[in-house]
Amino acid sequence: MVKIPFACTECHLILEDGVDMCPRCPSAKVSTDHQGYVIIMNASRSEIAKRLEVELPGKYALKVSNR
Ligand SMILES: [Zn+2]
Numbered sequence: 239m240v241k242i243p244f245a246c247t248e249c250h251l252i253l254e255d256g257v258d259m260c261p262r263c264p265s266a267k268v269s270t271d272h273q274g275y276v277i278i279m280n281a282s283r284s285e286i287a288k289r290l291e292v293e294l295p296g297k298y299a300l301k302v303s304n305r
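Start counting the sequence shown at 239; every next residue gets the next number (our numbering).
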């Protein structure tokens with residue numbers, strides 16, 4: 239059985255195992271319904287980071303369903 243981590247619907251951050259609240263946006267909803275996976279190292283140099291409006295390095299989902 240594969241465990242699906244939560245991803246934040248606000249900043250798309252993929253959360254650690256067992257974490258169900260985004261540390262950056264605690265009021266945002268989290269969802270296991272997400273697609274794609276990207277590791278951003280240097281947000282200022284990354285086109286994907288700009289598209290996702292990500293400013294901090296980390297693991298992000300490309301698409302998060304807000305349901
Ligand atoms: Zn977030």
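From the three backbone atoms N, C-alpha and C, an ideal C-beta is built for every residue, glycine too.
1) Taking C-alpha atoms, which residue in Ile242, Pro243, His250, Phe244 lies nearest to leucine 290?
2) Could you check which residue in Lys288, Gly256, Leu253 has the C-alpha nearest to that of asparagine 280?
3) Looking at C-alpha atoms only, which residue of Ile252, Arg305, Ile242, Lys241 is the closest neighbour of isoleucine 278?
4) Run through DSSP, which three-state label would serine 303 get?
5) When a residue counts only if its C-beta is closer than 7 Å to some heavy atom of ligand 1, which residues count, in chain order?
6) Cβ atoms of valine 240 and proline 269: under 8 Å apart, would you say?
Looking at the atomic coordinates:
1) On the sequence shown, position 52 is the one that residue 290 refers to. Of all alpha-carbon atoms in Ile242, Pro243, His250, Phe244, the one lying nearest the alpha-carbon of leucine 290 is that of His250.
2) Start at 1 with the first residue of the sequence shown, and residue 280 comes out as number 42. Measuring from the Cα of asparagine 280, the nearest candidate turns out to be Lys288.
3) By 1-based counting over the sequence shown, the position of residue 278 is 40. The shortest C-alpha separation from isoleucine 278 is found at Ile252.
4) One-based indexing of the sequence shown puts residue 303 at position 65. The answer is coil: DSSP assigns serine 303 none of H, G, I, E or B.
5) In chain order, the qualifying residues are Cys246, Glu248, Cys249, Leu251, Cys260, Arg262, Cys263, Ala266.
6) In the sequence shown, the residue the question calls residue 269 occupies position 31. In the sequence shown, the residue the question calls residue 240 occupies position 2. It should be noted that the sequence gives serine, not proline, for residue 269. Their beta carbons are not under 8 Å apart, which means serine 269 does not touch valine 240 by this criterion.
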